[in-house]
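One structure is given below, encoded as structure tokens.
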Amino acid sequence: MKKIIKNLTIVTVLALMLTACAAPAEETQETQKPVEEAKYTAGVYTGGGKGFEGSMTAEVTLSETKIEDIKVTSNETPDIGGKAMPQIIDKILETQRLDVDTISGATKSSEGLLTAVTKALQEADVDVEALGGTFIEEEAVLPASERLKEITKEGAEEGVRKFEFEADGSTCTTSFVIGTNGTKVTNVEFLGDPCVGNTTGIIHLIDGMEMTDVIEDFEGIKCPGANDVSSCPDQLAKGLKEILNLYAIESGDNSKDTDEMLNADNGDNDDNVDGEEDSKKFSGCGGNCLACGGACFPRS
Numbered sequence: 207m208k209k210i211i212k213n214l215t216i217v218t219v220l221a222l223m224l225t226a227c228a229a230p231a232e233e234t235q236e237t238q239k240p241v242e243e244a245k246y247t248a249g250v251y252t253g254g255g256k257g258f259e260g261s262m263t264a265e266v267t268l269s270e271t272k273i274e275d276i277k278v279t280s281n282e283t284p285d286i287g288g289k290a291m292p293q294i295i296d297k298i299l300e301t302q303r304l305d306v307d308t309i310s311g312a313t314k315s316s317e318g319l320l321t322a323v324t325k326a327l328q329e330a331d332v333d334v335e336a337l338g339g340t341f342i343e344e345e346a347v348l349p350a351s352e353r354l355k356e357i358t359k360e361g362a363e364e365g366v367r368k369f370e371f372e373a374d375g376s377t378c379t380t381s382f383v384i385g386t387n388g389t390k391v392t393n394v395e396f397l398g399d400p401c402v403g404n405t406t407g408i409i410h411l412i413d414g415m416e417m418t419d420v421i422e423d424f425e426g427i428k429c430p431g432a433n434d435v436s437s438c439p440d441q442l443a444k445g446l447k448e449i450l451n452l453y454a455i456e457s458g459d460n461s462k463d464t465d466e467m468l469n470a471d472n473g474d475n476d477d478n479v480d481g482e483e484d485s486k487k488f489s490g491c492g493g494n495c496l497a498c499g500g501a502c503f504p505r506s
């Protein structure tokens, strides 16, 4: 009997020892959590898109495992695009995906924001297609003219940008300053006037006109008596085209050149009739465009 009790005691002690040794291992297994694998390169990345009211920029903050934050700079209207964008941002951050629904009534703003965020993620080498997005091919950048430079002048109106353009035509070789608010010509200032009174008529005529309309009316125009088509109206049109190209680059809409934009804006508004000479627009000049000032430039 004593032998049996002794054996039972030994078995009990051994069992307790095994239990004590195993317990820490089980506890370690329960408390240990798997480490998330790094998916992204942490940092802040930017991308551009085009909304209803113009260009926008998204600033996307990434950690190694998630999209942490999205900040947007845009000109969207507060009541439409301005309300839609926070909703889109919340959806992206919540789902960590790009295939979120656009906001009804603000589709253009929603799509512009998604484009901007997608481009920012592509800058971070993120596989956007794995997040439900569409890879955006890099667009060709239109070359900015070396003859165009932006200048800052004291007293400039808010929202107006000014550019100096060096004209190089044989009839009109000069520099002039063009002011624009993005769509319309706000002022033109010729720096020197080798065209005599010619510039007075141009300045008076185009103030407040749409840039695309000025280009359409003036590009390639040869005044009676001029040596070639590179006269003041033609050079002014060339300067405005370079400005439109610059705006296209800044907005990220580089997929088409200025000629395509002009055709889209004015394709069904061709004032010229077959066989009509452009110079007939300036018939009041008596054959000497440079001497008659404003009479050369009536609206057609």
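Add 206 to the 1-based position in the sequence shown for the working numbering, that's all there is to it. For glycine and all other residues, C-beta sits at the position ideal for the given N, C-alpha and C.
Tell me the rounded alpha-carbon separation between residue i and residue j.
| i | j | result |
| --- | --- | --- |
| I309 | S316 | 6 angstroms |
| G490 | E425 | With a pLDDT of only 38 at G490, under 50, the local geometry of the prediction cannot be trusted, and no value is derived from it. |
| E416 | N393 | 12 angstroms |
| A248 | V278 | 19 angstroms |
| I449 | L354 | 8 angstroms |
| L446 | E243 | 52 angstroms |
| E422 | K444 | 11 angstroms |
| V250 | D419 | 41 angstroms |
| I298 | Y453 | 29 angstroms |
| K314 | S280 | 13 angstroms |
| P292 | E343 | 26 angstroms |
| V306 | G255 | 16 angstroms |
| D296 | P284 | 17 angstroms |
| P439 | E300 | 55 angstroms |
Taking 6 angstroms as the limit between beta carbons, can you name the residues of its chain near residue i, skipping five residues before and five after?
| i | result |
| --- | --- |
| L337 | R303, L304 |
| A383 | The sequence given here has Val at residue 383, not Ala. Answer for V383: K368, E370, E395, listed in chain order. |
| V366 | G385, N387, T392 |
| E274 | T267 |
| I294 | S316, L319 |
| T234 | Annotation note: pLDDT 49 at T234 (below 50); position unreliable, no value reported. |
Are residue i and residue j touching if we call contact CB-CB under 8 angstroms?
| i | j | result |
| --- | --- | --- |
| A264 | I276 | yes |
| F371 | E356 | no |
| G253 | K325 | yes |
| L268 | A322 | no |
| A312 | G339 | no |
| L327 | V391 | no |
What residues in its chain sit with their C-beta under 7 angstroms from that of residue i, if we drop five residues either side in the sequence?
| i | result |
| --- | --- |
| K272 | Q302 |
| E335 | F341 |
| I412 | V391, V394, V420 |
Go through its chain and collect everything with a Cβ distance to residue i's Cβ below 8 angstroms, but skip five positions before and after it.
| i | result |
| --- | --- |
| G414 | K390, V391, T392 |
| D333 | none |
| M467 | Any reading at M467 needs caution, since the residue's pLDDT is 49, under 50, leaving its predicted position unreliable; the model's value is listed next. Correct list, in chain order: T418, L450, A454. |
Could you tell me whether the Cβ of residue i comes closer than 8 angstroms to any Cβ of chain D?
| i | result |
| --- | --- |
| D307 | Among the protein chains of the structure shown there is no chain D, as only one such chain exists. |
Between the Cα of residue i and the Cα atoms of the options, which residue gives the shortest distance?
| i | options | result |
| --- | --- | --- |
| G318 | M262, L442, Y246 | M262 |
| E270 | E343, D307, K245 | K245 |
Worksheet item: Where are the beta strand (DSSP E) runs, 3 residues long or more, that stay fully inside the region 256 to 302, in chain order?
Response: 260 to 268, 273 to 280
Worksheet entry | 4 or more residues per run - each alpha helix (DSSP H) lying fully within the region 312 to 340 | 313 to 329
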